[in-house]
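Here my numbering is used: the first residue of the sequence shown is 4, the next is one more, and so on.
From the three backbone atoms N, C-alpha and C, an ideal C-beta is built for every residue, glycine too.
Because the structure is a prediction, the values reported are computed rather than measured.
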Amino acid sequence: MKSNNIPFVLVDRYVENPKEVNGVYCLNEKGVELGMDYLLNKGKKRIAFVTGPMNLNISKQRLQGYINAMTKANLYNEDFVFEGDFTTDGGIDLTKEILKSNIKLDAIFYGNDAMALGGIKVLIREGYKIPEDISVMGFDNVKISSFIQPELTTVSQPIYDMGRAACTLLIDSIDDKTINKQIYFQPELVIRDTV
């Protein structure tokens with residue numbers, strides 16, 4: 004698209020030289036660190052992390068936030084990392100796998116809310132009380148996160164603001180094809196009932 008002078012904006016997706024294209028991003032690594040700090044401050048020590056597909060940079064960034072926080076707390080264990088796929092079904096399947104592994108955990112941090120919702124479904128079916136027996140955290144703050152019971156503690160991306168910024172940047176790049184701008188948004192911790 005760039006070589007054909009077609010204006011475009013990347014939204015939370017990365018290419019090899021991101022500074023050469025227009026993009027709108029959330030600080031994924033920082034967001035996971037926020038969530039991890041909250042879990043660690045609540046006394047959680049055995050925290051699993053379920054990534055998204057590892058061919059995506061956002062999955063790598065979110066995993067790096069987990070590694071940073073657990074390493075800083077001297078608690079990092081690569082056996083607590085599981086690769087997911089950002090889908091509810093993936094969250095269901097991986098949570099079953101985690102439970103079968105008999106790893107003793109006090110929290111699971113899912114790389115997005117869809118997987119966390121699947122995970123909560125499995126945990127409740129298996130008789131776990133959330134958050135009494137195990138805490139759950141997600142990432143994204145999709146609307147349904149506040150409708151389920153218990154309501155999901157998550158890291159929020161300012162999705163509306165990111166979309167608005169992407170549209171504005173796209174319009175600007177249509178007017179001036181030489182723009183190469185990257186806009187980064189801060190994530191926020193949304194404390195609800197699963198931790």
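DSSP three-state assignment for residue i, whether helix, strand or coil
i: Q152; result: coil
i: T90; result: coil
i: M73; result: helix
i: I123; result: helix
i: Y17; result: coil
i: E135; result: coil
i: E100; result: helix
i: L42; result: helix
i: Y163; result: helix
i: T171; result: helix
i: I106; result: coil
i: F200; result: The requested residue 200 does not occur in the structure, where the chain is confined to residues 4 to 198.
i: G68; result: helix
Cut-off 8 Å between Cβ atoms - residues of its own chain near residue i, not counting five sequence neighbours on either side
i: I9; result: none
i: A72; result: V35, E36, M39, D40, L43
i: L173; result: P10, F11, V12, N25
i: N60; result: R16, Y17
Contact check, residue i vs residue j, beta carbons under 7 Å
i: V35; j: Y69; result: yes
i: A119; j: L42; result: no
i: T54; j: L66; result: yes
i: Q64; j: N25; result: no
i: I133; j: T197; result: yes
i: V27; j: A117; result: no
i: F112; j: F52; result: yes
Neighbourhood of residue i by C-beta, 7 Å cutoff - its chain only, sequence neighbours within 5 removed
i: L192; result: L37, G38, Y41, V158
i: K180; result: N8, P10
i: K47; result: D109, A110, S138
i: C29; result: D15, Q160, M165, F188, P190
Spatial distance of residue i from residue j (CA atoms)
i: Q185; j: R128; result: 43 Å
i: L97; j: V125; result: 10 Å
i: L155; j: V84; result: 20 Å
i: Q210; j: R195; result: With the chain covering only 4 through 198, there is no way to say anything about residue 210.
i: I95; j: G87; result: 10 Å
i: Y131; j: A76; result: 26 Å
i: I50; j: K99; result: 16 Å
i: G93; j: E135; result: 24 Å
i: F150; j: I106; result: 30 Å
i: S3; j: K33; result: Outside the modelled stretch of the chain, which goes from 4 to 198, sits residue 3, for which no answer is possible.
i: E81; j: S148; result: 28 Å
Sequence-distant residues of its chain with Cβ nearer than 6 Å to residue i (five each side left out)
i: P161; result: F188
i: S176; result: P10, N25, I182
i: M57; result: E86
Point to revise | Inter-stretch contact (C-beta, 8 Å, three-pair minimum) for the stretch 137 to 155 and the stretch 6 to 23 | key: The stretch 137 to 155 makes no contact with the stretch 6 to 23: fewer than 3 CB pairs, one atom from each, lie closer than 8 Å.
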